[in-house]
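The next block holds one structure in the form of structure tokens; read it before the comments.
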Amino acid sequence: MKKQMRKNILKARMSLDHRQVEEKSAMICEKILNLAEFKKAQAVMAYLPIRNEVDVKPLFRFLWAEGKRLVIPVCDPPNIAIIPSEIIDLADDLEPGTWGILEPKKDKMRPVSPRDIDCVIIPGVAFDPACNRLGYGGGYYDRFLPKLRENTPKIAVAFQVQIVPELVPDVYDIPMDMVITEENGYCR
51 MKKQMRKNIL
61 KARMSLDHRQ
71 VEEKSAMICE
81 KILNLAEFKK
91 AQAVMAYLPI
101 RNEVDVKPLF
111 RFLWAEGKRL
121 VIPVCDPPNI
131 AIIPSEIIDL
141 ADDLEPGTWG
151 ILEPKKDKMR
161 PVSPRDIDCV
171 IIPGVAFDPA
181 CNRLGYGGGY
191 YDRFLPKLRE
201 NTPKIAVAFQ
211 VQIVPELVPD
221 VYDIPMDMVI
231 TEENGYCR
């Protein structure tokens, strides 16, 4: 069932054209910029978008302009783990890595302890109004999120087409604190 849901939701997300992704992403980023949880964070972990994910790169400029730290997840497939790494220059620090996702060049890796992260912006395939998340199936975030401080806000971003009426979480699935779309905000 999860496999079929992933396929259907990813197809719907991929049907959005470049202009729609750009416009909807801008609306989502504007909402995040107004969140107290985001504003007060000194170190924010956010992802580099792939395959029509919400483009959160506009948030990076804000973080750097405010003197805050931007941390990105680096996938470590042998350990099914995420290594958080600070980046300071999108143009110079990154190269295609695991699954073609941009990640820091080996000499630009700046590991950050999960306990030093104040807020996490998280992608996914599908979410429900109760802030349950369906990821891509690798379990990377489900293994990583428990390493954060207990009160670290977990903010998921998605397009409204990725919201489903209900997800049945597995025991190891970590719910989000909020899910932000271009149309709505959901809180747990």
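Counting with the numbering used here, you get residues 51 to 238 for the letters of the sequence shown.
Backbone N, C-alpha and C define an ideal beta-carbon position, used for all residues, glycine too.
Predicted model only: the values in this text are computed from it and were never measured.
In the structure shown, residue 55 adopts helical secondary structure according to DSSP, grouped into three states.
Minimum Cα-Cα distance from residue 217 among the listed residues 174, 120, 111, 113 corresponds to 174.
Contiguous alpha helix (DSSP H) elements confined to the segment 95-182 occur at 107-115, 140-143, taking only those with 4 or more residues. The bridge partners DSSP lists for residue 207 are 230.
For residue 66, the three-state secondary structure derived from DSSP is coil. Residue 183 is a Cβ neighbour of residue 223, given a cutoff of 8 Å. Three or more Cβ pairs closer than 8 Å define a contact, and the segment 203-217 falls short of that threshold against the segment 138-152.
Per DSSP, reduced to three states, the secondary structure at residue 213 is strand. Nearest to residue 166 by alpha-carbon distance, out of 190, 89, 131, 135, is 135. Below 8 Å, enough C-beta pairs join the segment 156-171 and the segment 85-99 to call them touching: three or more. Out of 107, 117, 100, 105, the CA that lies nearest to the CA of residue 147 is found in 100.
Check the Cα spacing between residue 123 and each of 237, 235, 192: the tightest is with 192.
Look at residue 198 here: in three-state DSSP terms it is coil, with no helix or strand label. Secondary structure of residue 91 (DSSP, three-state): coil. In the DSSP assignment, residue 236 falls within the beta strand (DSSP E) that extends over 235-237.
Residue 64 is positioned such that its CB atom lies closer than 8 Å to that of residue 102. Straight-line spacing of the CA atoms in residue 164 and residue 190 works out to 14 Å.
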